[in-house]
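Quick mapping for you: the protein sequence lines, in order, are chains A and B.
Sequential numbering from 274 applies to the first sequence in the working numbering.
Sequential numbering from 274 applies to the second sequence in the working numbering.
Take a look at the structure below.
Number of protein chains: 2
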Amino acid sequence: MSKSEKETTEGQILEAAKNVFQRKGMDGSRMQEIADEAGINKALLHYYYRSKQMLFEAVFKNAFSLMAPQLNGILNDDSTIEDKIRHFTHNYLTFMNKHPYLPKFIIHEVNRNPEFILNLRNVTGFPNLDKFKKQVESEVENGTIKPISAEQLFINIMALNIFPFIATPLIKAFVNIDDKSFKQLMEDRKTEVADFIIQSIKVKP
Amino acid sequence: MSKSEKETTEGQILEAAKNVFQRKGMDGSRMQEIADEAGINKALLHYYYRSKQMLFEAVFKNAFSLMAPQLNGILNDDSTIEDKIRHFTHNYLTFMNKHPYLPKFIIHEVNRNPEFILNLRNVTGFPNLDKFKKQVESEVENGTIKPISAEQLFINIMALNIFPFIATPLIKAFVNIDDKSFKQLMEDRKTEVADFIIQSIKVKP
DNA sequence: ATATTTGTTAACCATTTGGTTAAACCATAT
DNA sequence: ATATGGTTTAACCAAATGGTTAACAAATAT
Chain A
274 MSKSEKETTE GQILEAAKNV FQRKGMDGSR MQEIADEAGI NKALLHYYYR SKQMLFEAVF
334 KNAFSLMAPQ LNGILNDDST IEDKIRHFTH NYLTFMNKHP YLPKFIIHEV NRNPEFILNL
394 RNVTGFPNLD KFKKQVESEV ENGTIKPISA EQLFINIMAL NIFPFIATPL IKAFVNIDDK
454 SFKQLMEDRK TEVADFIIQS IKVKP
Chain B
274 MSKSEKETTE GQILEAAKNV FQRKGMDGSR MQEIADEAGI NKALLHYYYR SKQMLFEAVF
334 KNAFSLMAPQ LNGILNDDST IEDKIRHFTH NYLTFMNKHP YLPKFIIHEV NRNPEFILNL
394 RNVTGFPNLD KFKKQVESEV ENGTIKPISA EQLFINIMAL NIFPFIATPL IKAFVNIDDK
454 SFKQLMEDRK TEVADFIIQS IKVKP
């Protein structure tokens, strides 16, 4: 049995780099800190990844490949819009509990370097709205949901699900609650967000 | 007539620092770049603001003082929840067109240093949910709106309004549209977001 | 056993960066 | 005119930082 990813030096470096980069961002991270976190010499980082930029890109692509399928979940299965929303909202909020730094990290770095995301267009199940768009248009037409553009609905779903994880400290300060209450609030959102969206678009019979 | 803020050296520095810090963040910004943007010598930055940290804090507090009243708008006037939402959504999206970097900047920096926001608690009309909370509870009780906690509603309003400005490049890539279409999409949101929220919470007569 | 490749390290290097200093500049009061 | 105070600059400095090198260690092939 070959060594698992986490036992090889290269894997340890990637893991350490992930931790540091996702917490501090490209600009705020130091190669020495990554080396320390991986428990190895700084020169080894360059031996395996040549430069800070390349190490960063490896981490970013990994992160993006983790995020993308989550979004594709909502776009490319065959359930109704309503089911998709419930399913996605629940899954996404669960997923985010395991990767709390992911959205902050991705969004910050994509803002820092917007061209970066264009390189990813072709790879790794990059989210594509086409199918979702047809489905929304069809459901609007046959009266299952109220008129709304697929784009706006998609943005709303993303916003309601992702925003709280990006703005956590801000929300905590405004709503003025402790960690425990905040966690509960997030837990409640697993169902509340879906209800909120569906209430807005569902046509009552 | 005394010199306007923008003519004094101190004001020019603050303006330049705002531009650079808001675009690149604390970690990504260089004192030299700020000096260049202000058209002055780097030593002058230290003459007026002592250190990068202090210059940054001046910029951050300015930015926050611009953001905070926008949020207080929704929380502390006397109109109905529905009117508040319409009013706020329209105003906020207009406001953001003028300060496109503000939310990115504030959220990123608050994440980088969560304690930072606690120092702002006391000053500058820091958003307070108490009144809004009472109002939501009252409207829920007398049946004007469906049951929802003020906290969740507040988070949803923030998310739907702010998120698109934070995640712009990501959304552009996913929705696969050009700048012009994106701008139109954002313009549409001035009314669509309010409709979306109100449809979700309004009780039909 | 020994040569060769691969992995790892300590020491080093060039550049960048935040910050300082001492001298020059300039307006204003005397 | 000249002294005085704040303002501005060029030159400088020490520390930090990404990256390299040369030697050493440990597998792997011959």
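From the three backbone atoms N, C-alpha and C, an ideal C-beta is built for every residue, glycine too.
Proximity winner among the options, relative to residue i (alpha-carbon distances)
i, options, result
"B:Asn-392", "B:Ile-444, B:Lys-445, B:Glu-330", "B:Glu-330"
"B:Ile-434", "B:Ile-307, B:Phe-469, B:Ile-390, B:Leu-287", "The sequence shown places Asn at residue 434 of chain B, rather than the Ile named in the question. The residue with the shortest Cα to Cα distance from B:Asn-434 is B:Phe-469."
"A:Phe-455", "A:Ile-471, A:Pro-387, A:Ala-432, A:Pro-437", "A:Pro-437"
"B:Pro-400", "B:Ile-347, B:Ala-308, B:Met-369", "B:Ile-347"
"B:Leu-426", "B:Lys-406, B:Thr-441, B:Glu-414", "B:Lys-406"
"B:Tyr-365", "B:Gln-457, B:Glu-412, B:Met-431, B:Gly-284", "B:Met-431"
"A:Phe-370", "A:Ser-473, A:Gln-457, A:Gln-472, A:Ile-354", "Reading off the sequence shown, one finds Asn at residue 370 of chain A, where the question assumed Phe. Closest by alpha carbon: A:Gln-457."
"A:Gly-284", "A:Gly-298, A:Gly-301, A:Ala-308", "A:Ala-308"
"B:Phe-361", "B:Thr-464, B:Ser-422, B:Met-299, B:Asn-314", "B:Thr-464"
"A:Asn-386", "A:Gln-305, A:Asp-300, A:Asn-449, A:Gly-416", "A:Asp-300"
Buried or exposed by the 16-neighbour rule on C-beta atoms within 10 Å, applied to residue i
i, result
"B:Met-340", "buried"
"B:Gly-398", "exposed"
"A:Val-396", "exposed"
"B:Glu-460", "exposed"
"B:Lys-445", "buried"
"B:Arg-359", "buried"
"A:Arg-323", "exposed"
"B:Gly-298", "buried"
"B:Asn-429", "buried"
Own chain residues within Cβ distance below 7 Å of residue i, not counting five before or after
i, result
"B:Glu-310", "Ala-289, Asn-292, Val-293"
"A:Ile-380", "Ile-439"
"A:Tyr-374", "Gln-295, Arg-296"
"B:Leu-318", "Ile-286, Met-304, Ile-307, Ala-308, Leu-328"
"B:Pro-442", "none"
"B:Ile-390", "Val-383"
"A:His-372", "Leu-339"
C-alpha distance - residue i paired with residue j, whole-angstrom precision
i, j, result
"B:Asn-335", "A:Phe-378", "25 Å"
"A:Leu-475", "B:Ile-418", "A small correction: the amino acid at residue 475 of chain A is Lys; Leu does not occupy that position in the sequence shown. The alpha-carbon atoms of A:Lys-475 and B:Ile-418 are separated by roughly 17 Å."
"A:Gln-326", "A:Arg-303", "12 Å"
"A:Tyr-321", "A:Phe-447", "44 Å"
"A:Asn-486", "B:Thr-282", "Only positions 274 to 478 of chain A appear in this structure, which leaves residue 486 of chain A out of reach."
"B:Gln-343", "B:Ser-352", "16 Å"
"B:Pro-376", "A:Asp-350", "33 Å"
"B:Leu-402", "A:Glu-388", "39 Å"
"B:Glu-278", "B:Ile-286", "10 Å"
"A:Met-274", "A:Leu-328", "Because A:Met-274 sits at a pLDDT of 44, beneath the cut-off of 50, its placement in the model cannot be relied upon, and the following sentence gives the value as read from the coordinates. Taking the straight line joining both Cα atoms gives about 27 Å."
"B:Glu-306", "B:Asn-314", "10 Å"
"A:Ala-316", "A:Glu-382", "25 Å"
"B:Lys-404", "B:Phe-333", "27 Å"
"B:Ala-467", "B:Ser-473", "10 Å"
"A:Phe-368", "B:Asn-415", "37 Å"
"B:Lys-477", "B:Ile-471", "11 Å"
"B:Ser-338", "B:Arg-394", "12 Å"
"A:Glu-280", "A:Gly-312", "12 Å"
"A:Ser-411", "B:Ser-411", "39 Å"
Residues near residue i by beta carbon distance below 6 Å, same chain, minus five either side
i, result
"A:Pro-420", "Val-413"
"A:Lys-357", "Ile-347"
"B:His-363", "Lys-463"
"B:Asn-345", "Gly-398, Pro-400"
"A:Asp-452", "none"
Same chain, Cβ closer than 8 Å to residue i, five either side skipped, listed in chain order
i, result
"A:Glu-450", "Before going on, a small fix: residue 450 of chain A reads as Ile here, not Glu. Within the same chain, A:Ile-450 has close Cβ partners Leu-458."
"B:Val-409", "Ile-354, Ile-418, Ile-421, Ser-422, Ala-423, Leu-426"
Distance cut-off 7 Å: residue i Cβ against heavy atoms of the ligand GDP
i, result
"B:Phe-337", "Only the bare structure without any ligand can be found here, which leaves the ligand GDP out of the picture."
Q) Hey, which unbroken runs of the alpha helix (DSSP H) at 4 residues or more fall wholly within the region 320-385 of chain A? A) Taken in chain order, the complete alpha helix (DSSP H) segments of 4 or more residues contained in the region 320-385 of chain A are 325-348, 354-371, 375-385.
Q: Let me know the beta strand (DSSP E) ranges lying completely inside the region 401-427 of chain A, each 3 residues or longer, listed in chain order.
A: Listed in chain order, nothing qualifies, since the region 401-427 of chain A has no complete beta strand (DSSP E) run of 3 or more residues.
Q. Taking only runs of the alpha helix (DSSP H) that begin and end inside the region 275-321 of chain B, which ones reach a length of at least 4 residues, in chain order?
A. Unbroken alpha helix (DSSP H) runs of no fewer than 4 residues, entirely contained in the region 275-321 of chain B, are found at 282-301, 304-311, following chain order.
Q. If you scan the region 431-475 of chain A from start to end, which runs of the alpha helix (DSSP H) of 4 or more residues do you find wholly inside it?
A. Qualifying alpha helix (DSSP H) stretches, in chain order: 441-448, 452-474.
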